[in-house]
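Residue numbers (the numbering used here): 2 to 115.
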């Protein structure tokens, strides 16, 4: 089942961060990952205004996401952004398609709240 890394990044030194950005795609790809979102335009729909850079990376599994993050290759790459800002990385499993289809069918028969 697919898994995702969600990264929230407070970039303080864009020069250091850009160098990090140049190197991450090949390491992510080595572990079967790909960028879904990489700091594009954001709109806060609910809650406090989000001001950090958001990155979403898809992997074939949670194991692959963890293998990427804990790999020696990423450890070396991550050093490029040291001092360039702070980041939070969270890995989360995707939602199985069959469970989604079941939930959607059940929801289709419900009345919306008034």
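The beta-carbon is built from N, C-alpha and C at its ideal position, and this holds for glycine as well.
Quantities reported herein were computed from a predicted structural model and do not represent experimental measurements.
Query	Result
Can you tell me whether residue 98 is buried or exposed? The criterion is at least 16 other CB atoms within 10 Å of its CB, across all chains shown.	exposed
Taking DSSP's pairing of strands, which residues face residue 89 in a bridge?	9
Can you tell me where the alpha helix (DSSP H) with residue 20 in it begins and where it stops?	15 to 31
If I'm right that residue 95 touches residue 65 with Cβ under 8 Å, what's the distance once you round it to whole angstroms?	About 12 Å separates the two Cβ atoms, so there is no contact after all.
Spatial neighbours of residue 63 within its chain, please: C-beta separation below 7 Å, excluding the five flanking residues on both sides.	4, 92, 94
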